[in-house]
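Undergrad: What follows is a single structure, and I will ask about it in a moment.
Number of protein chains: 2
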Amino acid sequence: MMAEEQKPLLAAANKLKEFKIKNTPQRQVILSYLMTSHEHPSIEMIFNYVRKNGFSVSLATVYNTLQLLIDHNLIIEIASDSGGHMRYDYAEVPHYHVICVNCNKIVDVFDSHYKEFEQQAVKQTGYQVLNSQYEVYGLCPDCQAKLKKKQF
Amino acid sequence: MMAEEQKPLLAAANKLKEFKIKNTPQRQVILSYLMTSHEHPSIEMIFNYVRKNGFSVSLATVYNTLQLLIDHNLIIEIASDSGGHMRYDYAEVPHYHVICVNCNKIVDVFDSHYKEFEQQAVKQTGYQVLNSQYEVYGLCPDCQAKLKKKQF
DNA sequence: TGTGGAGTGATAATGATTATCATTTAAACA
DNA sequence: TGTTTAAATGATAATCATTATCACTCCACA
C-alpha cells in the first residue's frame with residue numbers, strides 16, 4: 234500500500250518532467266509543498282518544511298528553485314506589504330490574492346474578469362501583456378473580530 | 234512675475250496643509266515631484282531630484298517622508314519586480330499600473346472596474362477591504378520594437 | 001527670546017537576497 | 001550497468017535596500 238504522503242511528491246515529479254526541469258529531491262519537495270498547501274509560504278517556511286520532512290537543503294537552493302519555478306510560470310511571488318517578506322504560490326490556474334494587513338494571512342480569489350483589465354491596459358498603453366497580479370489589502374474576519382473587541 | 238516652477242511647490246504646500254502634515258522644504262519638493270512627474274520615481278531618483286533642485290536632503294528623510302505620505306494615502310508604493318527597488322506614485326485618484334519587464338517603465342491605467350474585483354473578494358473571503366493594487370507586466374511599445382529587431 | 005517637540009541627516013545596524021565556488025548528483029550515452 | 005559531464009547543492013561571504021540611532025537644527029508658541 235502506497236503511503237498517502239508520497240502522492241504529492243509524485244505529482245510534483247511529474248510536473249517537473251512535464252516542464253523539462255531536472256528532477257531533484259529538493260525540487261520535488263518544494264514544488265509539492267506549494268502545490269498542496271494553501272498557506273502561501275515564505276522562504277523561511279519553505280526552508281523549514283523541507284528540513285522537517287527529512288531532506289537536506291540550504292537557503293541558496295530554496296532561492297534558486299523558486300526562481301526556476303517562477304521562470305517557468307509554475308509559481309508566482311507575492312509581495313506581502315509588511316516586513317518585506319516574499320510569499321510564494323502555485324499558480325497554474327490564474328487567481329488573485331486578499332492579504333490581511335494585520336496578520337498577513339493570504340487567501341485566494343478566483344475571478345476571470347482580470348482579462349478585461351488586461352485588455353483595458355493594452356488599449357490605453359500599447360503594452361504587450363505577459364501576466365498580471367491583483368492584490369487586495371484588508372482585514373480578515375478573525376482580525377475584524379479581534380479589533381472590534383479592543384475598541385470599546 | 235512668478236516663476237512657473239514655483240507653482241507645483243505651492244500646490245504641494247497646500248496639499249500638506251490640507252492633510253495637516255507639518256510643512257518643510259524637503260516635504261514640499263518631494264510631494265511636488267510626485268504630483269507633477271509621471272515617471273513613478275525610485276527612492277534614488279527622488280533623492281537626486283531634491284538635491285538637484287538645490288535643497289539639502291538625506292536618504293533617511295526621503296524614506297521618512299515617503300512613509301508619511303503613504304500613511305496619509307497621498308501616495309502609493311509600487312513593487313517593480315526586477316531589482317527590488319520600490320517606486321512611488323501620487324495616487325489621490327485610484328488607478329493601476331503597467332510595468333515593462335524589460336526597461337521597467339511604468340504607465341498609469343485608469344479604470345474603475347477595480348470596484349467589482351473588490352466586491353468579488355469580499356464575497357469570496359469575508360475580508361474587509363482597505364485598498365487594492367493591480368499590476369500588469371509586459372513589454373512597452375519601445376521594447377517590443379527593439380526586441381523584434383534583434384530576433385532575425 | 002526661551003523652550004519643547006518635531007524634523008533632519010550622518011552613520012551604523014539589520015536582514016533579505018545574491019554571488020562564489022568546492023563538492024555532490026542526475027541522467028545521457030556508451 | 002558503468003562512465004562521463006553538465007547541472008545542482010550548500011556553506012559561506014558579499015551586497016545593498018531599508019531601518020534604527022541619536023545629535024543637531026528649526027520653528028511654533030508661550
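Respectively, the protein sequence lines represent chains L and Z.
Using the numbering used here, the final residue of the first sequence is 385, and nothing's skipped along the way.
Using the numbering used here, the final residue of the second sequence is 385, and nothing's skipped along the way.
Backbone N, C-alpha and C fix where the C-beta goes; we use that ideal spot for every residue, glycine too.
Note that the coordinates shown come from a computational prediction; the quantities given were computed from them, not determined experimentally.
Taking a cut of 8 Å between CB atoms, which residues from the stretch 315 to 344 of chain L lie near chain Z?
TA: Those residues of the stretch 315 to 344 of chain L that come within reach of chain Z (Cβ to Cβ, closer than 8 Å) are Tyr329, Val331, Cys333, Val334, Val340, Val342, Phe343, Asp344.
Undergrad: Consult DSSP for Ile254/L and reduce its assignment to one of helix, strand or coil.
TA: DSSP places Ile254/L in coil when its eight states are reduced to three.
Undergrad: Between the stretch 346 to 369 of chain Z and chain L, which residues of the former have CB atoms less than 7 Å from a CB of the latter, in chain order?
TA: From the stretch 346 to 369 of chain Z, only His346, Glu349, Phe350, Glu351, Gln353, Ala354, Gln357, Thr358, Gly359, Tyr360, Gln361, Val362, Leu363, Asn364, Ser365, Gln366, Tyr367, Glu368, Val369 have a Cβ closer than 7 Å to chain L.
Undergrad: Shorter than 8 Å from the beta carbon of Gln300/Z to some beta carbon of chain L?
TA: So, not an interface residue.
Undergrad: Tell me which residue opens and which closes the beta strand (DSSP E) that Asn364/L is part of.
TA: Its beta strand (DSSP E) spans residues 361 to 372.
Undergrad: Mapping the DSSP letters down to three states, classify Val262/Z as helix, strand or coil.
TA: Val262/Z falls in the helix class under three-state DSSP.
Undergrad: Look up Glu272/L in the DSSP assignment and say whether it is helix, strand or coil.
TA: DSSP places Glu272/L in coil when its eight states are reduced to three.
Undergrad: Mark Arg284/Z as exposed unless 16 or more other C-beta atoms lie within 10 angstroms of its C-beta, in which case mark it buried.
TA: Label assigned to Arg284/Z: exposed.
Undergrad: Using the beta-carbon count (16 or more within 10 Å), is Cys336/Z buried or exposed?
TA: Under this definition Cys336/Z is an exposed residue.
Undergrad: Got a sec: is the Cβ-Cβ distance from Leu372/Z to anything in chain L below 8 Å?
TA: With 8 Å as the cut-off, Leu372/Z counts as an interface residue toward chain L.
Undergrad: Could you compute how far the alpha carbon of Glu251/L sits from the alpha carbon of Tyr296/L?
TA: Rounded to whole angstroms, Glu251/L to Tyr296/L spans 21 Å at the Cα level.
Undergrad: Using the Cα positions of Val355/L and Tyr367/Z, report the straight-line distance between them to the nearest angstrom.
TA: Cα to Cα, the separation comes out at about 14 Å.
Undergrad: Output yes if chain L places a C-beta closer than 8 Å to the C-beta of Gln261/Z; else output no.
TA: Judged by the 8 Å Cβ criterion, Gln261/Z is not in contact with chain L.
Undergrad: So, is the C-beta of Ala312/L closer than 8 Å to a C-beta in chain Z?
TA: True, the Cβ-Cβ gap to chain Z drops below 8 Å.
Undergrad: Any Cβ of chain L within less than 8 Å of the Cβ of Met234/Z?
TA: Any reading at Met234/Z must be qualified, since the residue scores a pLDDT of 48, below 50, and its modelled position is unreliable; no value is offered.
Undergrad: Would you call Ala324/Z buried or exposed, if buried means 16 or more other Cβ atoms sit within 10 Å of its Cβ?
TA: Under this definition Ala324/Z is a buried residue.
Undergrad: Apart from the five residues just before and just after Tyr282/L, which ones in its own chain have a Cβ nearer than 6 Å to its Cβ?
TA: Closer than 6 Å at Cβ, skipping near neighbours: Tyr266.
Undergrad: DSSP has Val342/Z in a bridge; who is on the other side?
TA: According to DSSP, which records beta bridges pairwise, Val342/Z is partnered with Tyr329/Z.
Undergrad: Gly351/L: buried (16+ other C-beta within 10 angstroms of its C-beta) or exposed?
TA: It should be noted that the sequence gives Glu, not Gly, for residue 351/L. So Glu351/L counts as buried.
Undergrad: Please name the residue in Met278/Z, Pro327/Z, Ser291/Z, His271/Z whose C-alpha comes closest to that of Val340/Z.
TA: Minimum Cα distance to Val340/Z is reached at His271/Z.
Undergrad: Does the beta-carbon of Leu243/L have 16 or more other beta-carbons within 10 angstroms, so that it is buried, or is it exposed?
TA: Answer is exposed; the Cβ neighbour count stays below 16.
Undergrad: Does the Cβ of Pro274/L have 16 or more other Cβ atoms within 10 Å, making it buried, or fewer, making it exposed?
TA: So Pro274/L ends up on the buried side.
Undergrad: Comparing the C-beta of Ala244/Z with each C-beta of chain L, is any distance below 8 Å?
TA: Closer than 8 Å: no.
Undergrad: Please report the distance separating the alpha-carbon of Val326/Z from that of Ser289/L.
TA: One C-alpha to the other measures close to 50 Å.
Undergrad: Taking 6 Å as the limit between beta carbons, can you name the residues of its chain near Cys376/Z, skipping five residues before and five after?
TA: Excluding sequence neighbours, Cys376/Z sits near Cys333, Asn335, Cys336.
Undergrad: Mind reading off the beta-carbon distance from Met278/L to Ala245/L? Whole number of angstroms is fine, and I expect it under 8 Å.
TA: That belief does not hold up - the Cβ atoms of Met278/L and Ala245/L are roughly 17 Å apart, past 8 Å.
Undergrad: Helix, strand or coil: how does DSSP classify Ala378/L here?
TA: Here Ala378/L sits in helix by DSSP.
Undergrad: For Ser365/L, count neighbouring C-beta atoms within 10 Å of its own C-beta (all shown protein chains included) and say buried if the count is 16 or more, exposed if not.
TA: Result: buried.
Undergrad: Rounded to whole angstroms, what is the Cα-Cα separation between Phe280/Z and His305/Z?
TA: When rounded, the distance between both Cα atoms is 21 Å.
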